[in-house]
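Reading through the C-alpha cells given below for one structure.
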Amino acid sequence: MNEKEIKKGLRSDIVLSEQVESKIQGAYQKVREQSMRKKSEKTDFTFMKRRKRRFAVIAAAAVMVMGTTIGTVASNQFFSFTKNDEEILGVFNLEGYEPCYDIFDLEVTYLPEGYEEEDGKYHKDGPKPGIESGITAFVENTAVWASRDGGVTEIWNVENIEETTINGMDTYIFTKKASHGSYYNPMFLFNMEEGYVISLFTTDDISTDEAKKIAEGLKVTNTGEKESWWESHQYEKEDLIQIIAYEKDLEEEEKEEELGSGDAVSAESILNLNESFYAQAEGGEIEFTVESAKYVASCKEYDTKFFVNYEEEVLPYLNEDGTVKPYWRQPVYDGKNPNSSDEEQAEQVFLEVKMRAKNISEKDLYSPFYFGVQSLEKVGEEYQMPKITYYPVADYILNESQIYFDARQNFEGIVGQKQALWRNIKANEELSLTMLFLVDKDQMGQTYLKIPAEYMNGNQYFVDLGLSK
Numbered sequence: 007m008n009e010k011e012i013k014k015g016l017r018s019d020i021v022l023s024e025q026v027e028s029k030i031q032g033a034y035q036k037v038r039e040q041s042m043r044k045k046s047e048k049t050d051f052t053f054m055k056r057r058k059r060r061f062a063v064i065a066a067a068a069v070m071v072m073g074t075t076i077g078t079v080a081s082n083q084f085f086s087f088t089k090n091d092e093e094i095l096g097v098f099n100l101e102g103y104e105p106c107y108d109i110f111d112l113e114v115t116y117l118p119e120g121y122e123e124e125d126g127k128y129h130k131d132g133p134k135p136g137i138e139s140g141i142t143a144f145v146e147n148t149a150v151w152a153s154r155d156g157g158v159t160e161i162w163n164v165e166n167i168e169e170t171t172i173n174g175m176d177t178y179i180f181t182k183k184a185s186h187g188s189y190y191n192p193m194f195l196f197n198m199e200e201g202y203v204i205s206l207f208t209t210d211d212i213s214t215d216e217a218k219k220i221a222e223g224l225k226v227t228n229t230g231e232k233e234s235w236w237e238s239h240q241y242e243k244e245d246l247i248q249i250i251a252y253e254k255d256l257e258e259e260e261k262e263e264e265l266g267s268g269d270a271v272s273a274e275s276i277l278n279l280n281e282s283f284y285a286q287a288e289g290g291e292i293e294f295t296v297e298s299a300k301y302v303a304s305c306k307e308y309d310t311k312f313f314v315n316y317e318e319e320v321l322p323y324l325n326e327d328g329t330v331k332p333y334w335r336q337p338v339y340d341g342k343n344p345n346s347s348d349e350e351q352a353e354q355v356f357l358e359v360k361m362r363a364k365n366i367s368e369k370d371l372y373s374p375f376y377f378g379v380q381s382l383e384k385v386g387e388e389y390q391m392p393k394i395t396y397y398p399v400a401d402y403i404l405n406e407s408q409i410y411f412d413a414r415q416n417f418e419g420i421v422g423q424k425q426a427l428w429r430n431i432k433a434n435e436e437l438s439l440t441m442l443f444l445v446d447k448d449q450m451g452q453t454y455l456k457i458p459a460e461y462m463n464g465n466q467y468f469v470d471l472g473l474s475k
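In this note's numbering, the protein residues as written are 7 to 475.
Here it is in C-alpha cells:
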C-alpha cells in the first residue's frame, strides 16, 4: 500500500484475507507457546541464516499475550505485519502467487567508506568500543520465505517503519530504538515478479539514507538452478534421517507446556546429584545420572571442536584468557512488556556439568542430548520460577542449551550444524559426558539443570546441582 502512510495504517482496522488472518493468529499462538529454552535467539542480521531455533523471543511473547490490543497493517497482498507497541510480526503470504524455487545470487556494488568484505559480510571498526559496524545482505526465493516459520518474521524494539520503493521493489525499512551495544536495522525488498526477497541488515551507525544507497546498489542474478536441498541425492540416507529427527525434536519441543513467571515448582520436580532419571528418547530409554557440577571462569582448557560453532558464536565473545565478555540484557518483570531503557550489562561464568548416559533399551538409538539451565527461587519447601527474567540484547553467546558437548559426533555440513547435540548410543552403551553452560553471575546461587520435558513424558524436572544458596 505505497499510497498509504504507515502511521494511518497503524490507526486503522484493516480486514485481511482469511488466509493471512489465519496465519497471523497462528503466529500469536506460536509466540505464546514458546519455551524459555528458546529465548536466546539473536535479533540481528544473522537470525535468518542461523540454524533453526525458537520462533520468537520471550520479549515478543510478553507483548503478544491474550487480551492485548493489536493493530494490523495490510501493507499489500503478499506482506502484512502486525504491530503492538514496539513489536512487529510480519507475515509473508504467497496467496495469488506461484512460489519460486530458483536460486539467486546477490552482489553488493555500493559500500560506505571504510567497509571491507569478509566471508560475505561487510564491516569496519565501529564508533563504539569493541563493536564492529556491519552490513549483511542476502537473497532468497519466495518459496524459502514462505516456508520459514510459516512465513512469519518477528522484529522487536521497532521505533519506526518506512514503506517505499527501491529499484521497483516494494521495500520495508524497520528502524529500532537506540540501545546499548550494537543493533541491526532490517530492510526487506520484495520482487514478486521475479520471485525473490532481499534482506539487508545494517548496524545502527549507518543512516537510513546510506542504507537505501546500499539497497539501490544490490544486483540480483538468477543462477538458473533450482532449490533441491530436500532431494535424497543431495545427502546420504543417514544424513536425511538425522535431519528429519532434528525437525521432529523441534516439533516436540514446541508442544511442551512451559512454566511461566512466578509459577510454582513442586519439590518432587527437583532431583539431586547422583539421582538417576530416565529419558524417553526416539522410541527407547536412556538412564541419565548427573555426577558433578562446578563453575569455571575460563573455557580455555576445553577443546574448541566440541563447542557448538566455536568460531562464529563463541570466540567473538571471549576475552583472551577464555573468560566471557560482559553482555547486554533486558529484564522482563512478571512477563510484562520489556522497556529498552532498562537494559543493563551482566557478567557470566561457565557451568561445567558431568553426567553419565546409558542406553537401557534393547536397540541402538540416535538421540538428542539437549539440556538447559534454569533459575529457580526457593519459597519455603517449594520452588518457583523467577518473577524477573532476562532477555539477551547484545554481545552474547547463543546459549539456549549447552554450548559445549564433549560427546559430540556430528561436525561437518548441514548435519554437523543442526545435529551438534545429537549422537548415536548403542544398546547398553554407557557414555560419560561433559557439558558447559553459561550462567549470569547474579544467578549463580539459584541455577538448576533443566531436563527437557519431552524426555520426561511432558513433565518438567530440574536437577539441584549443589550450587544453590
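Here a beta-carbon is modelled for each residue, glycine too, at the ideal position from N, C-alpha and C.
- Query: On the three-state DSSP scale, how would you describe GLY223?
  - Reply: coil
- Query: Is DSSP giving ALA285 helix, strand or coil here?
  - Reply: strand
- Item | Through-space distance from MET391 to PRO332, alpha-carbon basis | 24 Å
- Task: Take the Cβ of VAL385 as the centre, count every other Cβ of all protein chains shown within 10 Å, and call the residue buried at 16 or more, exposed below.
- Result: exposed
- Taking DSSP as the reference, what is the three-state secondary structure of LEU471? coil
- Query: In terms of alpha-carbon separation, which member of MET361, ALA152 and GLU368 lies closest to LYS377?
  - Reply: Rather than Lys, the amino acid found at residue 377 in this sequence is Phe. When only C-alpha atoms are compared, the closest one is MET361.
- Query: Between the Cα of GLY472 and the Cα atoms of LYS218, GLU124 and GLU281, which residue gives the shortest distance?
  - Reply: GLU281
- Message: Determine whether the beta carbon atoms of ALA531 and TYR178 lie at a separation below 7 Å.
- Response: The question about residue 531 has no answer, for the chain in this structure spans 7 to 475.
- Would you report the Cα separation of GLU307 and PHE110, rounded to the nearest angstrom? 43 Å
- Query: Which whole-angstrom value is the C-beta distance of TYR454 and VAL379, which I expect to be below 8 Å?
  - Reply: 7 Å
- Item | CB-CB length for GLN336 against TYR402, believed under 8 Å | Wrong, their Cβ atoms sit about 11 Å apart, outside the cutoff.
- Query: For PRO105, which residues of its own chain have a beta-carbon under 7 Å away from its beta-carbon, when the five flanking residues on both sides are left out?
  - Reply: THR148, ALA149 and ALA152
- Use the C-beta contact count for PRO322: other C-beta atoms within 10 angstroms, 16 or more gives buried, fewer gives exposed. exposed
- Could you please give the first and the last residue of the uninterrupted alpha helix (DSSP H) stretch that includes TYR316? 316-319
- Item | Helix, strand or coil at GLU322 according to DSSP, with G and I counted as helix | The sequence as given places Pro at residue 322; Glu does not occur at that position. In this structure, PRO322 counts as helix in the three-state DSSP scheme.
- Task: Report the rounded CA-to-CA distance for ASN278 versus VAL296, giving the unit in angstroms.
- Result: 8 Å
- Hey, PHE443 and LEU357: beta-carbon distance below 7 Å or not? yes
- Message: At the level of alpha carbons, what is the spacing between LEU439 and ASN163?
- Response: 39 Å
- Message: For TYR389 and ALA270, I'd like the C-alpha separation in whole angstroms.
- Response: 6 Å
- alpha helix (DSSP H) segment containing SER272, residue limits: That residue, SER272, is in no alpha helix (DSSP H); it is neither H nor E in DSSP.
- Runs of beta strand (DSSP E) lying entirely within the region 159-210, each at least 3 residues, in chain order: 164-172, 175-182, 190-197 and 202-209
- What is the rounded straight-line gap between the Cα of ALA68 and the Cα of PHE417? With a pLDDT of only 26 at ALA68, under 50, the local geometry of the prediction cannot be trusted, and the value read off the model is given with reservation. About 36 Å.
- Message: In the DSSP output, what is ILE457 paired with across the bridge?
- Response: TYR467
- Report the option in ALA426, THR329, VAL320 and GLU293 whose CA atom is closest to the CA atom of LYS432. GLU293
- Closest by CA to ILE172, which one among ASP446, ILE220, SER367 and ASP348? ILE220
- Task: State the start and end residues of the unbroken beta strand (DSSP E) segment that holds VAL150.
- Result: That residue, VAL150, is in no beta strand (DSSP E); its alpha helix (DSSP H) goes 148-153.
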